[in-house]
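Numbering (this note's numbering), first residue to last: 462 to 698.
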């Protein structure tokens, strides 16, 4: 359900939302960097580029959001003091993207994985900015996801402010440093593009559960998928 761009921008400013965010894996992020913008999972699939599989893909297709791009109103890693489950690379964008009238924005009431099969759009999305404003505090930050409906090309890098990569502080397969390999991979992906290169930043957490979670809760195979580039010898192991 389309929300009016300027009204949404003004509401987010009022609510203290300063940036919008998209988290993903290193391998999927490299596809974005090579193509010059964020992409829907449908676009990547149709154009036979690589993206890390997600357990929600079938649900997203069922609810017709596989061709949408999702953004958070908060850096969820920082907000929850734990890793973002979608991946260690965080793209941070300026709020001004909301004023781009070529983009159609909807806001969810929850993650589509929790939507009921027979639900109506009004069950899953805020119908207008007035409803979103009146119910703002009734919905957790991670449930209110901004979706860009069915973009047909790479987008948003003209609003990109920073690309932040986690440091998991974990070795896999005895000697593969996820920190070193992921940093090298992102640097290679932006080589020759000084503007993108200048936006790379490395997250170093202090009082945060991310490194402990990466070490104790995330299997080695999943760590490889999240932090290693597709061409790495240990990516599939």
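Don't be surprised by glycine CBs; every beta carbon is placed ideally from N, CA and C.
Cutoff 6 Å; reference residue i; Cβ partners in own chain excluding five residues on either side
i           : result
residue 542 : 669, 670
residue 615 : 496, 497, 498, 500
residue 574 : 517, 520
residue 571 : 604
residue 510 : 492
residue 565 : 463, 610
Bridge partner(s) assigned by DSSP for residue i
i           : result
residue 530 : 609
residue 499 : 616
residue 569 : 586
Element boundaries [beta strand (DSSP E), containing residue i]
i           : result
residue 488 : Counting along the chain, residue 488 falls outside any beta strand (DSSP E), though it belongs to the alpha helix (DSSP H) covering 487-496.
residue 551 : 550-555
Beta-carbon proximity list for residue i, same chain, < 7 Å, skipping 5 on both sides
i           : result
residue 468 : 590
residue 665 : 628
residue 567 : 462, 463, 464, 586, 608, 610
residue 651 : 494, 657, 658, 661
Three-way DSSP call (helix, strand, coil) for residue i in this model
i           : result
residue 466 : helix
residue 541 : helix
residue 564 : coil
residue 585 : helix
residue 577 : coil
residue 482 : strand
residue 691 : coil
residue 535 : coil
residue 506 : helix
residue 696 : coil
residue 598 : helix
Close Cβ partners of residue i (< 8 Å) along its chain, the five nearest in sequence each way excluded
i           : result
residue 695 : 633, 634, 637, 685, 689
residue 537 : 482, 484, 545, 602, 603
residue 473 : 534, 556, 559
residue 487 : 548, 549, 550, 626, 643, 646, 647, 687, 688, 689, 690
residue 600 : 570, 571
residue 680 : none
Span of the alpha helix (DSSP H) around residue i
i           : result
residue 590 : 590-595
residue 522 : 518-523
Residue i CB to nearest heavy atom of the ligand FAD below 8 Å
i           : result
residue 552 : Here there are no bound small molecules, and the ligand FAD is not part of this structure.
Interface flag, residue i vs chain B, CB-CB below 9 Å
i           : result
residue 591 : Of the chains in the structure shown, none is chain B; there is only one protein chain.
Whole alpha helix (DSSP H) elements within the region 612-689, 4-residue minimum: 639-650, 655-658, 671-677, 681-688
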